[in-house]
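Going by this note's numbering, the letters in the sequence shown line up with residues 25 to 275, in that order. Reading through the structure tokens given below for one structure.
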Amino acid sequence: MESQHIHTKTESLEGKRILITGGTTGIGRATAILLGSYGAKIFTLGRHQEQLDEALTQIRQAGGQAEGILADMSKQADIERVFQQADQTLGGLDILINNAALAAEGIGEMETEDWRYALETNMLGYIGCTKEAVTRMQQQQKGHIVFIGSMSAVGREAGSSVYVATKTGIQGFAESLRKEVNELGIKVSLIEPGKVKADIHGTSADEQEEEIAKEQMLLAEDIAVAVHYILTQPHRCDVVGLQIRPHKQAI
Numbered sequence: 025m026e027s028q029h030i031h032t033k034t035e036s037l038e039g040k041r042i043l044i045t046g047g048t049t050g051i052g053r054a055t056a057i058l059l060g061s062y063g064a065k066i067f068t069l070g071r072h073q074e075q076l077d078e079a080l081t082q083i084r085q086a087g088g089q090a091e092g093i094l095a096d097m098s099k100q101a102d103i104e105r106v107f108q109q110a111d112q113t114l115g116g117l118d119i120l121i122n123n124a125a126l127a128a129e130g131i132g133e134m135e136t137e138d139w140r141y142a143l144e145t146n147m148l149g150y151i152g153c154t155k156e157a158v159t160r161m162q163q164q165q166k167g168h169i170v171f172i173g174s175m176s177a178v179g180r181e182a183g184s185s186v187y188v189a190t191k192t193g194i195q196g197f198a199e200s201l202r203k204e205v206n207e208l209g210i211k212v213s214l215i216e217p218g219k220v221k222a223d224i225h226g227t228s229a230d231e232q233e234e235e236i237a238k239e240q241m242l243l244a245e246d247i248a249v250a251v252h253y254i255l256t257q258p259h260r261c262d263v264v265g266l267q268i269r270p271h272k273q274a275i
């Protein structure tokens with residue numbers, strides 16, 4: 025083996041222009057903090073001002089550069105506004121992390137307006153953001169789009185059929201998109217986490233901490249580390265998909 029190949033050279037995130045949807049809570053926030061600490065320039069969004077302010081403060085305290093706005097990813101007008109603002113703030117786009125999503129139950133438990141809102145956010149929002157990103161990335165012949173999916177697309181558990189539908193749709197969309205944009209120099213990766221500590225579960229913080237201690241639940245920071253891994257692989261390497269579940273979660 026030639027000596028120069030003994031240790032592979034990883035990609036640097038220094039100065040990378042990254043847009044993270046839903047970067048004010050959970051996986052999105054943990055990812056924004058971590059990537060910002062490695063020198064990436066972060067632009068993010070959320071639906072609540074207090075959460076946005078807290079997230080931006082935490083990213084900056086970790087050494088990152090960050091800006092963000094309020095937006096609703098179920099609305100096409102908001103998606104377009106986000107990308108226009110990101111253009112002005114970042115001066116371009118290297119990486120999109122599609123993360124903004126809502127919890128959803130079984131179809132029999134949801135009112136029409138609620139399941140439609142979940143579908144528009146979790147699936148149409150991802151697709152709308154992807155369209156904006158691809159338009160920009162194909163002009164520069166490079167870029168990386170990361171989808172935060174869910175192991176629900178694999179387990180397809182009862183009681184969350186609407187959520188399963190959105191995450192299964194994203195799974196298929198990501199795979200087909202990768203084949204469409206590969207020749208444009210754009211990478212596509214899908215991360216499918218199992219159960220992750222979050223406000224959307226409807227269980228108390230103490231209950232979630234107990235699940236974490238039992239290795240039945242992940243931390244958002246665990247997924248952030250996976251995103252960092254994907255983005256820092258040598259350019260010749262494509263990490264197409266990662267499935268990450270708690271050690272003792274049955275899926």
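For each residue, glycine too, the CB sits at the ideal point set by N, CA and C. Model, not experiment: these values are computed from the prediction.
query	result
Contacting residues, own chain, Cβ-Cβ under 8 Å from Leu288 (five flanking each side not counted)	With the chain represented from 25 up to 275, any question about residue 288 goes unanswered, as that position is not in the structure.
Closest residue to Met175 among Thr113, Lys166, Thr190, Gln164 (Cα-Cα distance)	Thr190
Between the CA atoms of Gln165 and Arg260 - distance to the nearest angstrom	15 Å
Spatial distance of Ala222 from Arg160 (CA atoms)	32 Å
Through-space distance from Gly115 to Gly88, alpha-carbon basis	17 Å
Inter-residue Cα distance where the pair is Met25 and Val178	Here the model assigns Met25 a pLDDT of 46, short of 50, so the residue's position is not dependable, and the following value carries that caveat. Cα to Cα, Met25 sits roughly 39 Å from Val178.
Ala237 beta carbon less than 7 Å from that of Leu214	no
Range of the contiguous beta strand (DSSP E) that encloses Ala90	89 to 94
Nonlocal neighbours in the same chain, by C-beta distance under 6 Å from Thr48, ignoring five residues either side	Gly70, Gln75, Leu76, Ala79
Contact check, Ile57 vs Gln82, beta carbons under 7 Å	yes
Contact check, Pro258 vs Thr32, beta carbons under 7 Å	yes
Euclidean distance between Cα positions of Gly39 and Gly46	21 Å
Counterpart residues of Ser213 in DSSP-defined beta bridges	Val170
Simplified DSSP assignment, three categories, for Lys99	coil
CB-CB length for Gly218 against Ile268, believed under 8 Å	7 Å
Option in Arg53, Met147, Leu266 with minimal Cα separation from Ala125	Met147
Cα-Cα separation between Asp138 and Lys99, rounded to whole angstroms	14 Å
Cα-Cα separation between Glu234 and Met241, rounded to whole angstroms	9 Å
Residues near Thr192 in its chain [Cβ-Cβ closer than 6 Å; skip 5 each side]	Ala177
Residue span of the alpha helix (DSSP H) that contains Leu143, given as start and end	136 to 143
Beta-carbon proximity check, Leu120 vs Ala157, cutoff 7 Å	yes
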